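Participant:
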Amino acid sequence: MDSIISQVAHPLNSAKRSKRKTFILLAVVAWLAFVNYWLYFYRNSDTYRETPTSSIYFDESKPEPATAQPNEDANAIADDLVNHVSFKLWQEKSGVQDIRGVDSHSTNYNKMFKDHDVNSILSNLDFRERCDLYFLNLYASDPNWYINPNEDLPVPMKDQYDWDRFRHDKMNEAKEEIAKEKNIDKDKVPEDNEVEERIKAKYKEMWEVTKRTEQKSTDYVSHFRIFNKCFITADDYDQQVKTTRYVNQQKKLLKSIEKSAGTGGFETFAVSPDEARVDSKSFDSCAQLESRIYPWLSPSFPVYERWDGKISMTPPDMSKYVKDKRVFKHTNERARNSRHAGTKYHSKLTGGKDCFLNKLKNSMNGRGIVLSIGDKHVDDTVRLINLLRALGNTYPIEIVYNDNISKETKTKIVNAARSGDVTLPSSYHKVADYFTDDFRAKGRLPPQEVWFVNAHNVIQDNYKSKFHGFANKFLAALFNSFEEYILIDADTIMVQNPDFYFNLKGYVSKGAYFYKDRTAPQFRQVSDGVFFKKISPSIIDSAMFDIPIITEHTLQSSYFDGMVHYMESGLLLIDRNRHFNSVLMMMQMNFMKPVTSRSYGDKEIIWLAFATNGDESYHFNKYYAAAIGTLTPDAQRLSKDGKPKLSKEICSAHPGHISEDDGSLVWFNSGYHTCGQLHKVNYEKEAERQSRFKQYKTAEQFRTFYEDPLTITHAIIPPFKNKLETLCENTIEEPKEGWIMDHDYCNSYMWCAYSRIGGPTKDDTDNTQEGQVFEFEKKDTELLKFYGDVWVGME
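Residue numbers (my numbering): 155 to 949.
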C-alpha cells in the first residue's frame with residue numbers, strides 16, 4: 155500500500171558568516187530558546203483560547219453553556235493546539251497583531267496533531283505534503299466525508315443569546331410543557347425552581363446547537379480555503395515561491411530553536427496507522443476530491459452564446475471578437491503571468507491531474523462587464539445596454555443566467571445592443587461637444603458585444619434548487635469568461651465609461667474594488683461579527699498553510715460594530731488573476747445558513763468571503779453611499795420660528811456613489827426613473843399627503859414626476875461616526891438621524907438624507923455632526939440629464 159505522505163527531512167545549508175553576525179545570531183537563537191521554554195511552562199494565557207460561542211452577551215453568572223464537544227480528550231487537544239509554543243512563536247514572528255479576540259480552528263487538526271507532534275510536521279513537511287496530510291486525515295476519519303450544500307445548519311434566534319431575553323421568551327413555553335405533563339391549567343403553574351430549571355435546560359440546549367453549528371461552519375470553511383489554495387491555485391508561480399519561502403523560514407526557525415535547546419532534535423515525520431490505511435491508488439484524478447468539496451459542481455463549462463447565435467462550449471477567446479486593446483490589458487501583469495506558470499502539483503490525492511476548477515481558472519481571458527438576469531429584468535437590461543452605448547462602452551458584456559431567460563428576452567437584448575436605428579434624445583445637443591470626434595462623426599451609438607452564458611449545466615441536478623435569487627449573482631461571478639470584470643445589477647446606473655472603473659487607484663492596487671452602503675440606523679447583533687471572526691483563518695491555518703489571519707483592515711468596518719449594511723453590491727470590480735479563490739469562497743458561503751442569516755442578500759457575503767479566505771487585498775471606496783437628486787427647497791423645511799433649518803435635505807429612492815478622487819458621481823442604483831416602484835405606487839394617496847414634493851398636487855403630476863429621469867444636481871452623504879452615535883436628539887428641530895425612510899412616498903422606497911444632524915441638547919451639550927454636500931458642475935448635470943433621457947427612452 156502506497157503511503158501518501160513520504161517521510162522527509164530538509165537539512166538547512168549553513169552559510170559563512172562574519173564573527174559579528176555569528177555573535178548576533180547566537181544571541182537571537184538564545185532569546186528564541188528562552189521564549190520557547192517560557193511559553194512551554196507558562197501557557198495558561200487565554201489570548202488565543204476559543205470563546206464558547208459567537209455571542210458576546212454570555213454572562214458567567216448565568217447558566218453555563220454546555221460544550222458542543224463532549225469528548226474531553228478532543229477539547230484538551232484543541233486547547234493544547236491553540237496554545238502550542240510553535241504556533242504562538244510563529245505568530246509572534248509574523249509581526250501581525252491578532253486583534254480578533256477569538257480563534258477557532260478545524261477539528262480536522264485535532265486528529266492530525268493527536269497522531270503527529272506539531273514540530274514533526276512544521277519542521278519536516280513542505281507545503282504540498284501538508285496539503286495532502288490535511289485531506290488524508292479527512293479520509294482517515296471518515297471515508298464518506300463530503301460537504302453537503304443541503305445540510306441544515308440550525309441557527310437559533312441570535313437575540314436570544316442574552317439569558318434574560320431568553321428566559322422571558324421561553325417562560326410561557328416552559329409553563330405550557332409542565333401544565334401538559336401535570337394535566338393542569340398553565341396559569342396554575344408557578345414561576346418556581348421547576349420552571350427555572352426547565353428554561354435553563356432549553357438555554358443550554360440552544361447553546362449546544364449554536365456551538366455545533368459554529369464548529370461545523372468553521373470546519374467547512376477551513377476545508378474550502380485549504381483545498382482551494384492547495385489544489386486550485388497550486389499552479390500559481392508567485393504562490394509557489396511565497397509558500398516555499400514561508401515553509402523554509404519556518405523550518406529554519408525551528409531548527410535554530412532545536413539546536414539552541416540541545417534537545418536532540420524534533421521527531422521525524424511518520425505516517426500514522428490510520429493514514430496508512432488510505433490507499434493512494436484509489437485516487438486517479440482530482441474529480442474525487444473536488445467532488446467532496448464541491449458536490450454541486452458538474453465538471454462542465456457553461457454554454458456561451460454570442461449575440462449572432464454562435465455557440466461555444468468553453469469560455470470564448472474574446473480576442474477573436476473584440477479589437478479594443480484595453481479589453482486585453484492586464485491590471486496586474488505579474489499576477490496574470492503567474493496564474494498558470496508554476497510547476498505541476500503531483501499530489502497522489504488527485505492522481506497528479508488538474509481539477510475542473512483549474513481548467514476554468516486557466517481559461518479566463520480579457521476584461522468585461524457581467525450581470526445576472528431573468529426574464530423579469532429584460533426591460534432594465536435593455537435600458538442598461540442603451541446607457542452603455544451612450545457611455546461609449548467597448549468592453550464585451552456577458553449575461554449569465556440559469557436557464558431562465560427566453561428567446562424573446564434574448565432578441566430584445568440583441569436588438570438593443572446591435573441596432574443602428576437609435577434616435578438620440580434632444581438633450582444630446584447640449585452635450586455633443588463633450589464626446590469624442592469619433593463618436594460625433596459616426597452619429598450613432600456604438601454596438602455592443604453581448605454574450606449569453608447559460609450556467610444551468612454546471613450545477614448537478616440534485617442541487618439546482620439551491621440557485622435562485624441572489625445565488626445567481628454568484629454564478630455570474632464565477633462562470634463568466636473574464637479575468638477581470640465589472641459585476642453589476644440590471645438596474646445599476648453607470649455614469650462613467652467602463653474604462654474609468656478599471657483605472658480606479660484602489661482597483662489597480664488591490665484587484666478588488668467595493669462600494670459602501672447607506673449608514674442607515676439599522677443595527678445587528680455584534681455577535682454576527684464574532685461569528686465571522688471564528689470562521690476566518692485560524693492561527694493554525696496561518697502556520698500550516700500561510701493563510702493570513704484577518705486584521706484591522708477587515709475588523710474596523712462598521713459591520714463588526716453592529717451596523718446592518720456595509721457594502722452596496724450593485725457594482726463591484728474583481729481581478730480573478732488575484733482573487734479566484736475568494737470568488738469560490740463567496741459561492742460556497744452562500745449555501746451556509748449561518749452565513750446568509752447574517753447578511754442582507756448577497757451584499758456582505760461578497761467582501762466577507764474575501765476576508766474569510768484570508769484575502770484582505772480589497773479596497774472600499776472611502777465614501778458611504780449618498781442620497782442623490784435635488785436639494786429640498788428651504789421654504790419647505792422651516793422651523794417653528796419660520797427660519798430655514800441649518801441642515802440640507804435630499805429625498806431620493808437612489809443610493810449614489812461619489813468618487814473618492816474628485817467628488818464626481820460614479821454610479822447609482824435602482825434605475826433612472828425618479829421612483830423605481832412605478833407599478834406599485836398608489837399615486838392618488840401619495841398626491842394627497844403633501845408632506846413633501848409639495849409642488850406636485852395631483853396623481854397625474856406625481857406619475858409624471860416618478861416616471862421622468864431623476865434630476866441630479868447634488869448629493870448628500872450624512873454624517874456617521876459609529877453605531878452608538880447615530881441618534882442625536884436636539885432642541886433646535888434639526889434632524890436627529892442622518893437617514894430617514896419616508897414610507898409615504900415611492901411605495902416606501904424613499905430615503906431622506908441630511909447634511910447635518912444634532913445640535914444643542916437638553917443637558918447643555920452639543921452633539922452636532924456634519925456630513926458632506928456635493929454640488930455637481932454644469933457639465934456633469936447636463937451629461938446626467940442626457941444619460942437619464944437615454945435610459946428612460948425620452949425623445
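From the three backbone atoms N, C-alpha and C, an ideal C-beta is built for every residue, glycine too.
From a predicted model like this one, the values you see are computed outputs, not experimental measurements.
1) According to DSSP, what are the bridge partners of Y458?
2) When you compare only the Cα positions, how much space is there between N486 and Y661?
3) How would you call V749, buried or exposed, if buried means at least 16 neighbouring beta carbons within 10 angstroms?
4) For M717, which residues does DSSP report across the bridge?
5) Taking a contact to mean a Cβ-Cβ separation below 7 Å, would you say P600 touches D943 in this structure?
6) Can you tell me the Cα-Cα spacing of I694 and L511, whole angstroms?
7) Just tell me which of L292, N302, P873 has its CA closest to the CA of K802.
8) Using only alpha-carbon positions, find the residue among K875, T784, C882, E891 that is nearest to F847.
9) What number of angstroms, rounded off, separates the C-alpha of E429 from the C-alpha of F281?
10) Taking the beta carbon of F677 as the centre, do at least 16 other beta carbons fall within 10 Å, making it buried, or is it exposed?
11) Hey, D645 and S824 are a contact pair by Cβ (cut 8 Å); roughly how many whole angstroms apart?
12) My output table needs one value for F774: the three-state DSSP class, helix, strand or coil.
13) Counting Cβ pairs closer than 8 Å, one from the stretch 338-345 and one from the stretch 386-403, do we hit at least three?
14) When you compare only the Cα positions, how much space is there between E350 and D323?
15) Report the three-state DSSP secondary structure of H707 (helix, strand or coil).
16) Taking Y458 as the reference, give the member of I551, S723, C829, D392 with the closest Cα.
17) For E888 versus G925, is the C-beta spacing smaller than 7 Å?
18) Under a Cβ-count criterion, where at least 16 other Cβ atoms within 10 Å of its own Cβ denotes burial, should S473 be classed as buried or exposed?
19) Our contact map puts A625 next to L525 with C-beta atoms below 8 Å; I'd like the distance itself, whole angstroms only.
20) Can you give, in chain order, each stretch of the alpha helix (DSSP H) that sits fully within the stretch 613-638 and has at least 4 residues?
21) Taking the continuous alpha helix (DSSP H) assigned at E758, which residues delimit it?
22) Taking the alpha helix (DSSP H) that R572 belongs to, which residues open and close that run?
23) Between which two residues does the alpha helix (DSSP H) containing R730 stretch?
24) Report the rounded CA-to-CA distance for Y475 versus A765, giving the unit in angstroms.
25) Under the DSSP definition of a beta bridge, which residues are partnered with S260?
26) Contact defined as beta carbons within less than 8 Å: I believe G810 pairs with A779. What is the distance between those atoms, to the nearest angstrom?
27) Under 8 Å by Cβ, that's how I've got R254 and F699 pegged, so tell me the actual separation to the nearest angstrom.
28) Please say whether N901 and Q831 have beta carbons closer to each other than 7 Å?
29) For K875, name the three-state secondary structure that DSSP assigns.
30) Ignore the nearest five residues each way along the sequence and tell me which others in V680's own chain have a CB closer than 8 Å to its CB.
31) Can you tell me which residues form a DSSP beta bridge with M648?
32) Is the CB-CB distance between G520 and V481 below 7 Å?
33) State the CB to CB distance for the pair V604 and A571, rounded to an integer number of angstroms; the pair is presumed to be in contact (CB under 8 Å).
34) Touching or not, the stretch 258-265 and the stretch 371-386, by the rule of three or more beta carbon pairs under 8 Å?
35) S492: buried (16+ other C-beta within 10 angstroms of its C-beta) or exposed?
36) Under 8 Å Cβ to Cβ from V718, same chain only, skipping five residues before and after it: list those, please.
Facilitator: The structure says:
1) S466, V607
2) 10 Å
3) buried
4) According to DSSP, M717 bridges with F677.
5) no
6) 26 Å
7) P873
8) T784
9) 18 Å
10) Around the C-beta of F677, fewer than 16 other C-beta atoms lie within 10 Å, and the residue is accordingly described as exposed.
11) The distance from the Cβ of D645 to that of S824 is about 6 Å, consistent with a contact at the 8 Å cut-off.
12) strand
13) no
14) 13 Å
15) helix
16) Checking every option, the nearest Cα to that of Y458 belongs to I551.
17) no
18) exposed
19) A625 to L525, Cβ: 15 Å. No contact.
20) 625-633
21) That run of the alpha helix (DSSP H) goes 757-766.
22) 561-572
23) Looking at the DSSP string, the run of the alpha helix (DSSP H) that includes R730 is 730-743.
24) 36 Å
25) As DSSP reads the structure, S260 sits in no beta bridge.
26) 7 Å
27) Not really, about 18 Å apart at Cβ, beyond 8 Å.
28) yes
29) coil
30) I210, F714, D715, G716
31) M648 is bridged to W821.
32) yes
33) 5 Å
34) yes
35) Per the 10 Å Cβ criterion, buried.
36) A674, Q676, F677, R678, Y754
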